[in-house]
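Protein chains in written order, with the working numbering: chain D, 1 to 408; chain V, 1001 to 1260.
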């Protein structure tokens, strides 16, 4: 007998027991939908975190000041002012750190910018020309800082995309903004960072470090303290070498031992790993719960198939009397189980895709459903059908035709 | 071994060649026989006790015969019917159906034999309630691997033969008992089997429908079909041209006067 016949007999049986079939399918349906959605949510969250961290720059090392101790009270990390511009300058020495390609010291200050009558408070980033490459940013218009700007302490500023927007300077190259009474010329605009995160990657104003010292002096400015030094390794593979070089150079410069280290260096990769491992754990956990619901759905299919076999003993007997070999009966019931499970799988995927489309609009969480994950979900549904169907099907096949026919 | 000598004559078709013993139990096959049983016994093991349901039954049913197997319940009549229908296997003895030795066949092979050589009519009709009359009649052809169009044609032909040509798309629940049994007869006919086995075909029918179904069987016999009718009802058995009585697991031939 051809498989199309087997399939049509199975479909007839599914149609005949409509309600029961629907309830059976429901279990698989919910299982597949929840697996698809939780895995999609987890992957979406992971992707978002990865994008966000990668948008910081590539081959990036971040040097932060260590914690300060004043009067026996230990401050938070980064509270100390142990990193200076001279540290940054030392790291640019290729003899000291051959694996560091670029160095960008950064000091930030929250300051009011004024353009005409519009004011906007933003994070003013005081840095060097290397910042653009180290942070992997691009310009949408104009130019970035030059070495000359840095030397002269030029009154120039580069605006982030949303800052320019807020100040009404989206075409603002050549126009001016005022900071602390000093007029700065807008020479460039940063392209949007493309990060989906809500951090202020696009809300900033970049000025030369030297200009910052004139405009936004604080007590720490005098010592040349910086809040962060961004380092770019010459290659991804040289990242750990660059890390060691920076670490050793700073230890020597600060004249401290490894026990009393007053700075910390973080690799962007380790940030990615730390951030994604959290969401990975969550995905596995949720996926596991969803998987259990799928398992319960599978047991449901087996249960219903067993009920179906004992309810249809007469039918099985009749089919055997009319010439169905045991193998055919087994195939028929197995096909029924697979049809039910696959129907549940397809419906579940449908609900999963619907959820993937709907959820981001409702809870602002990205959901990534990949094609391999969808194919995998269908494969699981198929496997559940086969596993759940084998036992009931072989029970049906073993029924003796006379016993089956005699049952009332 | 020789069939047991009993007071009543052992079953043998009037003109059948009696199966004879050979060195290895060889039996002379009647080329005209549809059913040939040689010293068939059937024993059921129920727990520790063994129940002998049939004892050395030897009988021959020839092509074109209309035979009734008569017996009260518990006589072994149903066991005989199951063996004749290849729904059960013999414990001892041999069975040829349409010239094929079916005593030692596997379950799958027996399924094929049932499919090709036997048409069943059951007391309970045994139609699948979710399928139309035509689809019910098609079922044996599905298992025989007949193509869809051919199946449909033959099912409609068979339903026309039993007078239900107008109701091919009706579900069993939309048909009367008599009509349902006629659908079952059509299903038994559709594979053009060597043997039609009717197990109490009128047991669930009112007298009017019973007459219809019996008339249909008589008509089929007249057109050359071999029919075996299993019943406990003497009146029903009277329709057949020969009666085999089963009592306590032993089959006796009891010729019944019939009008040809």
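Yeah, the Cβ is synthetic: ideal placement off N, Cα and C, and Gly gets one too.
Kindly indicate the opening and closing residues of the beta strand (DSSP E) around residue 1120 of chain V. Translated into the one-based positions of the second chain, residue 1120 of chain V becomes position 120. For residue 1120 of chain V, the enclosing beta strand (DSSP E) starts and ends at 1118–1121.
Taking the alpha carbon of residue 182 of chain D as the point to measure from, which residue in D/292, D/156, D/138 and D/32 has its own alpha carbon closest? Against the first chain, residue 182 of chain D aligns to sequence position 182. Looking from the CA of residue 182 of chain D, the closest CA among D/292, D/156, D/138 and D/32 belongs to D/156.
Using a Cβ-Cβ cut-off of 7 Å, state whether residue 392 of chain D counts as contacting chain V. As a working note, residue 392 of chain D is residue 392 in the first chain. With 7 Å as the cut-off, residue 392 of chain D does not count as an interface residue toward chain V.
Got a sec, what are the start and stop residues for the beta strand (DSSP E) residue 1169 of chain V sits in? In the second chain, the residue the question calls residue 1169 of chain V occupies position 169. Where residue 1169 of chain V is concerned, there is no enclosing beta strand (DSSP E), given that its DSSP letter is neither H nor E.
Excluding the 5 residues preceding and the 5 following residue 411 of chain D in the sequence, name in chain order all residues of the same chain whose CB lies nearer than 6 Å to its CB. Lying outside 1 to 408, the shown extent of chain D, residue 411 of chain D is not represented and no answer is given.
In the stretch 96–168 of chain D, which residue ranges form an unbroken beta strand (DSSP E) of at least 3 residues, counting only runs that do not cross its ends? Qualifying beta strand (DSSP E) stretches, in chain order: 100–115, 118–127, 139–142 and 156–159.
Am I right that residue 1121 of chain V and residue 1103 of chain V are in contact with their C-beta atoms under 8 Å? What's the rounded C-beta distance? Position 121 of the second chain, counting from 1, holds the residue named residue 1121 of chain V. Position 103 of the second chain, counting from 1, holds the residue named residue 1103 of chain V. About 24 Å separates the two Cβ atoms, so there is no contact after all.
I want to see whether chain V comes within less than 7 Å of residue 196 of chain D, judged by CB atoms only; does it? Counted from its first residue, the first chain places residue 196 of chain D at position 196. Note that residue 196 of chain D scores 49 on pLDDT, short of 50, meaning its location in the model is unreliable and no value can be drawn from it.
Pick helix, strand or coil for residue 234 of chain D, following the three-state DSSP scheme. Along the first chain, one-based indexing puts residue 234 of chain D at 234. The answer is coil: DSSP assigns residue 234 of chain D none of H, G, I, E or B.
Quick check on residue 361 of chain D: buried or exposed, where buried means 16 or more other Cβ atoms within 10 Å of its Cβ? Position 361 of the first chain, counted from the first residue, corresponds to residue 361 of chain D. Exposed, because fewer than 16 other Cβ atoms sit within 10 Å of the Cβ of residue 361 of chain D.
Buried or exposed by the 16-neighbour rule on C-beta atoms within 10 Å, applied to residue 112 of chain D: The residue labelled residue 112 of chain D in the question sits at position 112 within the first chain. By the neighbour-count rule (16 or more Cβ atoms within 10 Å), residue 112 of chain D is not buried but exposed.
According to DSSP, is residue 225 of chain D helix, strand or coil? The count along the first chain starts at 1 and reaches residue 225 of chain D at position 225. Annotated three-state conformation of residue 225 of chain D is strand, per DSSP.
Using the beta-carbon count (16 or more within 10 Å), is residue 1216 of chain V buried or exposed? To locate residue 1216 of chain V, count along the second chain from 1; it is residue 216. Residue 1216 of chain V sits buried, since 16 or more C-beta atoms from the chains shown fall within 10 Å of its C-beta.
Less than 7 Å between CB atoms is the rule here; does residue 32 of chain D satisfy it with respect to chain V? Counting from one through the first chain, the residue named residue 32 of chain D turns up at place 32. Residue 32 of chain D does not count as touching chain V.
Of all the residues that make up the stretch 311–326 of chain D, which are near chain V by a beta-carbon distance shorter than 9 Å? Under the 9 Å Cβ criterion, the stretch 311–326 of chain D contributes 314, 315, 317, 318, 319, 320, 321, 322, 323, 324, 325 and 326.
Ignore the nearest five residues each way along the sequence and tell me which others in residue 106 of chain D's own chain have a CB closer than 8 Å to its CB. In the first chain, counting from the first residue as 1, residue 106 of chain D sits at position 106. For residue 106 of chain D, same chain residues with a beta-carbon under 8 Å away, outside a window of 5 residues either side, are 125, 126, 127, 131, 226, 227, 228, 229 and 230 in chain order.
Proximity of residue 160 of chain D and residue 204 of chain D at Cβ, strictly below 7 Å: Taking the first residue of the first chain as 1, we reach residue 160 of chain D at position 160. Taking the first residue of the first chain as 1, we reach residue 204 of chain D at position 204. In contact: residue 160 of chain D and residue 204 of chain D (Cβ atoms closer than 7 Å).
Which residues in chain D sit within 8 Å of residue 1082 of chain V, going by Cβ to Cβ distance? In the second chain, residue 1082 of chain V corresponds to position 82, counting from 1. Residues of chain D passing the Cβ test: 402.
In terms of residues, what are the limits of the alpha helix (DSSP H) holding residue 392 of chain D? Taking the first chain and counting its residues from 1, one reaches residue 392 of chain D at position 392. Start and end: 371–398.
Residue 1131 of chain V, enclosing alpha helix (DSSP H) - first and last residue: By 1-based counting over the second chain, the position of residue 1131 of chain V is 131. No alpha helix (DSSP H) holds residue 1131 of chain V; DSSP gives it neither H nor E.
Residues near residue 33 of chain D by beta carbon distance below 6 Å, same chain, minus five either side: Translated into the one-based positions of the first chain, residue 33 of chain D becomes position 33. The residues are 348, 351 and 352.
Would DSSP call residue 1202 of chain V helix, strand or coil? Translated into the one-based positions of the second chain, residue 1202 of chain V becomes position 202. Note: residue 1202 of chain V maps to coil in three-state DSSP.
By alpha-carbon positions, which one of D/381, D/394 and D/367 ends up nearest to residue 38 of chain D? Within the first chain, the letter at position 38 stands for residue 38 of chain D. Out of D/381, D/394 and D/367, D/367 has the C-alpha closest to the C-alpha of residue 38 of chain D.
Counting only Cβ pairs nearer than 9 Å, list the residues of chain D close to residue 1112 of chain V. Within the second chain, the letter at position 112 stands for residue 1112 of chain V. Those are 323 and 325, listed as they occur along chain D.
Taking Cβ to Cβ, would you say residue 326 of chain D is nearer than 7 Å to residue 1107 of chain V? Against the first chain, residue 326 of chain D aligns to sequence position 326. Against the second chain, residue 1107 of chain V aligns to sequence position 107. Yes.
Looking at residue 188 of chain D and residue 409 of chain D, is the spacing between their C-beta atoms short of 7 Å? Lying before the first or after the last residue shown, residue 409 of chain D is absent from chain D, which here runs from 1 to 408.
Return the first residue and the last residue of the alpha helix (DSSP H) that residue 85 of chain D is part of. Taking the first residue of the first chain as 1, we reach residue 85 of chain D at position 85. Unbroken alpha helix (DSSP H) run through residue 85 of chain D: 85–91.
Below-7 Å beta-carbon distance, residue 336 of chain D vs any chain V residue: Sequence index remark: in the first chain, residue 336 of chain D carries index 336 (1-based). With 7 Å as the cut-off, residue 336 of chain D does not count as an interface residue toward chain V.
Could I get the ranges of all uninterrupted beta strand (DSSP E) runs contained in the stretch 1055–1124 of chain V, with 3 residues as the minimum, in chain order? With a minimum length of 3 residues, the continuous beta strand (DSSP E) runs that stay inside the stretch 1055–1124 of chain V are 1066–1070, 1092–1097 and 1118–1121.
Which residues, taken in chain order from the stretch 1128–1158 of chain V, show a beta carbon closer than 9 Å to some beta carbon of chain D? If you check each beta-carbon in the stretch 1128–1158 of chain V against every beta-carbon of chain D, the ones closer than 9 Å belong to 1128, 1129, 1130, 1131, 1135, 1139, 1140, 1142, 1143, 1144, 1145 and 1148.
Exposed unless 16 or more other CB atoms sit within 10 angstroms - verdict on residue 259 of chain D: As a working mapping, residue 259 of chain D is identified with position 259 in the first chain. It is exposed - the Cβ of residue 259 of chain D has fewer than 16 other Cβ atoms within 10 Å.
Taking beta-carbon pairs under 8 Å, can you tell me which members of the stretch 15–29 of chain D lie near chain V? Per Cβ criterion, the list reads 15 and 16.
Interface residues of chain D facing residue 1088 of chain V [CB-CB closer than 7 Å]: Within the second chain, residue 1088 of chain V is the residue found at index 88, counting from 1. Contact annotation for residue 1088 of chain V against chain D: 402 [CB-CB distance below 7 Å, chain order].
Round the Cβ separation of residue 1175 of chain V and residue 1240 of chain V to the nearest angstrom and send it over; I've been treating them as touching at under 8 Å. Start at 1 with the first residue of the second chain, and residue 1175 of chain V comes out as number 175. Start at 1 with the first residue of the second chain, and residue 1240 of chain V comes out as number 240. In fact, because the Cβ distance is near 27 Å, the residues do not count as touching under 8 Å.
Candidates D/355, D/82, D/86 and D/342: closest to residue 378 of chain D by CA position: Locating residue 378 of chain D in the first chain gives position 378, where the first residue counts as 1. The shortest Cα separation from residue 378 of chain D among D/355, D/82, D/86 and D/342 belongs to D/342.
Counted within 10 angstroms of its Cβ, other Cβ atoms place residue 276 of chain D as buried (16 or more) or exposed: Walking along the first chain from the start, residue 276 of chain D turns up at place 276. Residue 276 of chain D should be labelled buried.
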